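In my numbering, the protein residues as written are 13 to 1055.
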């Protein structure tokens, strides 16, 4: 891919001399922004976006960040968007339009940098297009670029700092470093780790692309010292940065040599080559003495001018350790909870790498004249035809359909592609500089053209590698996208180099154009396929707006969020609007509303304030110390309502179980006042009448869902939509059985459309209809698997009975495994529902009990050779059916150390449901060291039934040597409020683990332990400020009379 010709080496210069065409630049500026703006009113993300919106709103109201409310980001995101609210009103769309401009400018910066590197317009545009196409868009839910994540702002200002560095390399103006420093400061203000990586990039470029010359006259004193230290700085700064970054990936959460090889090694290679190899060291601008110091100072002034005001304010306001912990997350171990390892390479990854290598090698053969281009094209066309015919005859499995399958494949491959592109760019830089150095083109007082290009390439390679480091510690696709712009720019240049390589075999301009089209077209087509759902949704929205059809869209009834979505996905927006309306009508403006686990969006829409500092409860982050703080805040400012999620959200499903003290506090004092779809609204016991379970709808029924499906089908012009609409119109009733019969009679394409609608509407009743269809219909194998996937995603206990009937007649082991997986997933969700703040009594279990034979249930759960998922299903169902015949078998599983800890926890829960958990309490608490979730909450629930047995078990746990287990035990003891545990709690005040000391202090405050005040007073001077703070609050609680 690396050109050997001088014409290629000076391509950037030639590009600047060509006649300027402004329309491609204008398109790259306007089209991306238009794309983002077109979807600014679409969809809504309840957890992340809702949390950020409410935190921004609290900032807008004048609340102090980190003091009045906790946040997971630095101040930039909050004060920037609070200013947007101040300028344009409290409206979600205002923030999204601002984001559209930010993201559009980021795409334009990528295009500009690609062009500066010498890529053609078509190649440079690929970088921005690929970036847009990779940003996740979830049809029927939300677009990720509409969520005000700090990383969108980080991407723009990082790219602006790269532009400033490139312009400095080209023009040698010191003020470019001021601009770069300001940009890095802005990046730090939005995201500290990104800001430090950005600053590291600038320091590496500044020190390695300047070569201080000797002074014309001998220097003396301080001037002599400064001049002499410049050469040292050129080595010292890069070495310190390289050592520090290597240690980060070696010692950080999940770190090790594998993370070093993935993240740090590319930078180590390119930096070592630049510092040690003469040809690379020659790529540097000779500068006057003290110029390096000047530029470092200017860079620091720009960086400091941005961060100093807010750092000084919050440091002074919070003091040192709270500032480091709350703002910079130092000492919080947050990466321990969020770490995800980099995916391993797959066969597809290697195949893609070999394919690219083959394209390069064939291009080299064409360039050297070993292969005629025409022959290569003919062979390529024939090979493409053969492959296409083979794929048509034996298509690969694409259960979800072509476009979703391609998206999943691209997302899986993206990690290795990004790494591979970075390494190829590094090799290209090395080869380029070595060849240029061998040709003597790097000599001279001013950078030659080749040297100028090599410097630009060095800037972009270092930026791309360091930008990629943002992916650590959470290596998922959503974090990969904003970590990849630098690599995408390099990829566009490499693609351009590949085209130039192949074009050497073309004899005419037309041949060169065809060659370029042959290389670029697949990339543009792939991007178009990735963007197809979003583009189709834009067309849908435009058509609905043009026709003024009120049935085409569901609107969120809120002036703060005038958002829309297609009808099939509209139930959530309707429920949000209704919940916010209920709160506005029944809670006064001065009343508080607490939300759990991550639905601060409700507070934002209703304009009712959270009485606590927290509204985002990801199990484990925040920890139980924050749970204690939240309980204290609820006690001090009792909310008029508590709104909880009556649905299974992936990342927050176990939150009610993990935060067992909070659940106990709420359920003791609040009861269900109103259920609106997926939201439960709880009111204080003393003013909230009881609601009969029969009056509570678990979710919207098909009678409300089917009309929404039909409203969307009316805008789908496909034949499958017409057939489905006719089938829905002919339903005798909107019940599960008739819908299942109608679905069974449809063709596979129309059945796939049914699945799409059920997923969009998250209809558990629709999933039950699919499960009923599985019982007897002869389904296409792909459709059957699609049905089981949808049931796993959206099904509830209504699907268990038909799944059991389908299990008994499963035609093969593969189908049986899919059905068992469905049963396990649904019963797992049903288990979690027991710990919701307002659980429902499910009548469906009676029918399931009539279907299940106890002997069969025992065989499933007690057979170690059975499928683990089926064993778990049997164990969990054993507790639901109320037959104590299974108790001995559950006790055997619970007490068997050779069994999986998760199966043992399932057995403990079933014993609790059967009313015999108290007898097994010692065995349950013994599980705590292996599973801190279930044993802890069960111990809390069982303690009142067997206080002596429970007290003994808890005291034993409070003395174990494992710090994590001991900490959980102290939190249990603190929540139980048993005066007979007071002595053990007081002993915890001197424990070596800070979390144990915090739990002990909180528990003593709840017990009104006046005799513990001297020990707590001593603890108030603990070296850990968090521990000291809880001790002070415990003393205050004791003096106020505790509870």
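Using N, Cα and C, we set each Cβ at its ideal position, and we do this for glycine too.
Treat the numbers as computed from the prediction; the structure is a model and nothing was measured.
For residue 405, which beta-bridge partners are listed by DSSP?
Here residue 405 corresponds to residue number 393 of the chain shown, with the count starting at 1. DSSP, once it has assigned bridges, lists no residue as partnering residue 405.
With DSSP as the reference, label residue 53 as helix, strand or coil.
Along the chain shown, read from residue 1 onward, the residue named residue 53 stands at position 41. Coil, per DSSP.
I need the boundaries of the alpha helix (DSSP H) containing residue 363, first residue and last residue.
Here residue 363 refers to the residue found at position 351 of the chain shown. Where residue 363 is concerned, the enclosing alpha helix (DSSP H) stretches over 359–379.
Can you list the beta strand (DSSP E) stretches of 3 or more residues lying completely in the region 173–240, in chain order?
Within the region 173–240, the complete beta strand (DSSP E) runs of at least 3 residues are 222–224.
Among the residues of its own chain, which have a CB less than 6 Å from the CB of residue 314, if the five just before and after it don't count?
Here residue 314 refers to the residue found at position 302 of the chain shown. Cβ within range, chain order: 190, 193 and 194.
Hey, out of 522, 388 and 145, whose CA is closest to residue 373's CA?
Walking along the chain shown from the start, residue 373 turns up at place 361. Here the closest residue by C-alpha is 388.
What number of angstroms, rounded off, separates the C-alpha of residue 544 from the C-alpha of residue 601?
For the purposes of this step, residue 544 is identified with residue 532 of the chain shown, where counting begins at 1. For the purposes of this step, residue 601 is identified with residue 589 of the chain shown, where counting begins at 1. Each residue's Cα considered, the two are about 44 Å apart.
Looking at residue 56 and residue 720, is the spacing between their C-beta atoms short of 8 Å?
As a first step, residue 720 is located in the chain shown; it is residue number 708 there, counting from the start. As a first step, residue 56 is located in the chain shown; it is residue number 44 there, counting from the start. Not closer than 8 Å, so no.
Pull up the DSSP beta-bridge partners for residue 621, would you.
As a first step, residue 621 is located in the chain shown; it is residue number 609 there, counting from the start. Residue 621 pairs with 604.
Using alpha carbons as the reference points, say which of 738, 645, 345 and 682 lies closest to residue 1073.
Lying outside 13 to 1055, the shown extent of the chain, residue 1073 is not represented and no answer is given.
In whole angstroms, what separates the C-alpha of residue 1049 from that of residue 625?
Counting from 1 along the chain shown, the entry for residue 1049 is found at position 1037. Counting from 1 along the chain shown, the entry for residue 625 is found at position 613. Roughly 19 Å between the two C-alpha positions.
Which runs of the beta strand (DSSP E) at least 3 residues long sit entirely within the region 55–132? Give them in chain order.
Those beta strand (DSSP E) runs which fall completely within the region 55–132 and span 3+ residues do not exist here.
With DSSP as the reference, label residue 630 as helix, strand or coil.
As a working mapping, residue 630 is identified with position 618 in the chain shown. Three-state result, residue 630: strand.
Using the C-alpha atoms, what's the distance from residue 1011 back to residue 1042?
For the purposes of this step, residue 1042 is taken as residue 1030 along the chain shown, with counting starting at 1. For the purposes of this step, residue 1011 is taken as residue 999 along the chain shown, with counting starting at 1. Computed Cα separation, rounded: 9 Å.
Residue 655 and residue 611 - do their beta-carbons sit closer together than 8 Å?
Reading the chain shown from its first residue, position 599 is the one you call residue 611. Reading the chain shown from its first residue, position 643 is the one you call residue 655. Yes, they are a contact pair.
On the three-state DSSP scale, how would you describe residue 352?
Looking up residue 352 in the chain shown gives position 340. Residue state, collapsed to three classes: strand.
Hey, out of 224, 172 and 242, whose CA is closest to residue 213's CA?
Position 201 of the chain shown holds residue 213. Closest option to residue 213, Cα to Cα, is 172.
Take residue 929 as the anchor and find which of 948, 669 and 146 has the nearest alpha-carbon.
Numbered from 1 along the chain shown, position 917 holds the residue referred to as residue 929. Comparing Cα positions, the closest option is 948.
Would you call the CB atoms of residue 967 and residue 977 closer than 8 Å?
As a working note, residue 967 is residue 955 in the chain shown. As a working note, residue 977 is residue 965 in the chain shown. No, Cβ-Cβ distance for residue 967 and residue 977 is not below 8 Å.
Just curious, the alpha helix (DSSP H) that residue 817 is in, first and last residue?
In the chain shown, the residue the question calls residue 817 occupies position 805. Element bounds for residue 817: 812–820.
Please list, in chain order, all residues of the same chain as residue 774 whose beta carbon is under 7 Å from its beta carbon, the five residues on each side excluded.
Numbered from 1 along the chain shown, position 762 holds the residue referred to as residue 774. Excluding positions up to five away in sequence, the list reads 806.
For residue 204, tell me which candidate among 728, 718 and 84 has the shortest Cα-Cα distance.
As a first step, residue 204 must be located in the chain shown, where it is residue number 192. Considering only alpha carbons, the answer is 84.
Under 6 Å Cβ to Cβ from residue 354, same chain only, skipping five residues before and after it: list those, please.
The residue you call residue 354 lines up with position 342 of the chain shown. Answer for residue 354: 274 and 487, listed in chain order.
Let me confirm a value: residue 744 is counted as buried when at least 16 other C-beta atoms fall within 10 Å, else exposed. Which label applies?
By one-based count along the chain shown, residue 744 stands at place 732. When all chains shown are included, residue 744 counts as exposed.
Hey, quick one: how far does the alpha helix (DSSP H) through residue 489 stretch, first residue to last?
Residue mapping note: residue 489 aligns to position 477 of the chain shown, counting from 1. Counting along the chain, the alpha helix (DSSP H) containing residue 489 begins and ends at 489–492.
Could you give the residue range of the alpha helix (DSSP H) that holds residue 1012?
Within the chain shown, numbered from 1, the residue matching residue 1012 stands at position 1000. Residues 1006–1018.
From which residue to which residue does the alpha helix (DSSP H) around residue 836 run?
Indexing the chain shown from 1 puts residue 836 at position 824. Element bounds for residue 836: 825–845.
Could you give the distance in angstroms between the alpha-carbon of residue 729 and the alpha-carbon of residue 766?
Locating residue 729 in the chain shown gives position 717, counting from the first residue. Locating residue 766 in the chain shown gives position 754, counting from the first residue. Each residue's alpha carbon lies about 15 Å from the other.
Could you check the C-alpha separation between residue 121 and residue 659 for me, to the nearest Å?
For the purposes of this step, residue 121 is taken as the residue at position 109 of the chain shown. For the purposes of this step, residue 659 is taken as the residue at position 647 of the chain shown. Straight-line Cα distance between these residues: approximately 41 Å.
Let's see if you can read the secondary structure: which residues bound the alpha helix (DSSP H) around residue 656?
Residue mapping note: residue 656 aligns to position 644 of the chain shown, counting from 1. Counting along the chain, residue 656 falls outside any alpha helix (DSSP H), though it belongs to the beta strand (DSSP E) covering 653–657.
State the DSSP-derived secondary structure class of residue 572, mapped to helix, strand or coil.
Counted from its first residue, the chain shown places residue 572 at position 560. In the structure shown, residue 572 sits in coil (DSSP, three-state: anything other than H, G, I, E or B).
Does the beta-carbon distance from residue 496 to residue 424 come in below 8 Å?
Here residue 496 is taken as the residue at index 484 of the chain shown, counted from 1. Here residue 424 is taken as the residue at index 412 of the chain shown, counted from 1. It is not a contact, given that the beta carbons lie outside the stated cut-off.
Distance check for residue 132 and residue 431, CA to CA, integer angstroms please.
Taking the chain shown and counting its residues from 1, the one referred to as residue 431 is at position 419. Taking the chain shown and counting its residues from 1, the one referred to as residue 132 is at position 120. When rounded, the distance between both Cα atoms is 23 Å.
Counting along the chain, where does the beta strand (DSSP E) carrying residue 692 start and finish?
What you label residue 692 is simply residue 680 of the chain shown in a count that begins at 1. Looking at the DSSP string, the run of the beta strand (DSSP E) that includes residue 692 is 691–696.
Going by DSSP, name the residue or residues bridged to residue 688.
Sequence index remark: in the chain shown, residue 688 carries index 676 (1-based). DSSP output for residue 688 lists 691 as bridge partner(s).
Looking at the structure shown, is residue 545 part of a helix, part of a strand, or coil, going by DSSP?
On the chain shown, residue 545 is found 533 positions in, with the first residue counted as 1. In this structure, residue 545 counts as helix in the three-state DSSP scheme.
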